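Novice:
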Amino acid sequence: MDNPMLVAVRTLLKETYEGPEENASWYTEAKPGSGLFGTLEKISAEAASIPVNGTTIAAQTDHTRYYLWVANSYLNGEEPSKDWGASWKITNVDKITWAQFNDELQQEYTTLLKKIDSLDSLDEQTSNGLLGALAHSAYHLGSIRQMIKAIDVPS
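Take the sequence shown: its letters are residues 1 to 155, numbered as in UniProt numbering.
Have a look at this one:
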């Protein structure tokens with residue numbers, strides 16, 4: 001991949017989801033587990049179901065997965081039927097559902113990285129879609145980390 005913008009988007013998405021590399025960071029804490037996956041692995045299904053200001057970590061997580069699914073669909077040239085409100089209705093998850101949410105988020109993230117790796121150039125639509133996915137994901141990482149503080153999950 002020679003396109004500097006694609007390299008940058010991929011790097012920042014990886015930091016958002018997987019955390020920073022080797023104690024260096026562009027914007028998250030420069031320590032292991034600072035990305036979304038490291039943050040979520042510390043959360044139990046019970047904690048993910050605690051409401052904070054009208055939502056739950058489970059809903060934030062599923063909404064982030066849903067957003068990536070929509071972005072991936074558009075990047076594949078599809079026009080998905082969307083129901084943005086559905087993920088926000090999630091209030092309670094059990095261990096199996098919580099694990100499923102995390103697995104599906106990982107799958108959508110992996111799909112997005114593969115799509116980025118397959119691109120040679122960017123048009124305006126693709127650029128906006130990728131930057132939107134990055135910004136949206138970073139926003140929800142921050143939201144979830146603040147919610148963790150509100151419910152006092154041990155780190």
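Idealized CB from N, CA, C, for every residue including glycine. Fair warning: this is a prediction, and the values are worked out from it, not measured in the lab.
Go ahead and pull the three-state DSSP assignment for T28.
Specialist: Note: T28 maps to coil in three-state DSSP.
Novice: Confirm, please, whether the CB-CB distance from T64 to L113 is below 8 Å.
Specialist: Cβ atoms of L113 and T64: not closer than 8 Å.
Novice: Using the three-state DSSP reduction, which class does Q55 fall into: helix, strand or coil?
Specialist: It is worth fixing the name first, because residue 55 is Thr in this sequence and not Gln. DSSP places T55 in strand when its eight states are reduced to three.
Novice: In angstroms, rounded to a whole number, what distance separates the CA positions of Y66 and G85?
Specialist: C-alpha separation (whole angstroms): 10 Å.
Novice: Pop quiz: S49 and V93 are said to be a contact at Cβ under 8 Å. What is the actual Cβ separation, rounded to whole angstroms?
Specialist: Yes, they are in contact, since the Cβ atoms of S49 and V93 sit about 6 Å apart, within 8 Å.
Novice: Can you tell me whether Q60 is buried or exposed? The criterion is at least 16 other CB atoms within 10 Å of its CB, across all chains shown.
Specialist: It is buried - the Cβ of Q60 has at least 16 other Cβ atoms within 10 Å.
Novice: To the nearest angstrom, report how far apart A150 and L141 are at their CA atoms.
Specialist: Straight-line Cα distance between these residues: approximately 14 Å.
Novice: Using a 10 Å radius around the Cβ and a threshold of 16 neighbouring Cβ atoms, would you call W26 buried or exposed?
Specialist: Exposed.
Novice: Please work out which residues of its chain come closer than 8 Å, Cβ to Cβ, to N102, disregarding the five sequence neighbours upstream and downstream, and give them in chain order.
Specialist: Result list for N102: F37, L40, E41, T61, in chain order.
Novice: If you reduce the DSSP assignment to three classes, tell me which class G35 lands in.
Specialist: Coil at G35, not helix or strand.
Novice: Tell me which residues share the same chain as T11 and place their Cβ nearer than 8 Å to its Cβ, disregarding the 5 neighbours each side in the sequence.
Specialist: Only W26 meet the Cβ criterion.
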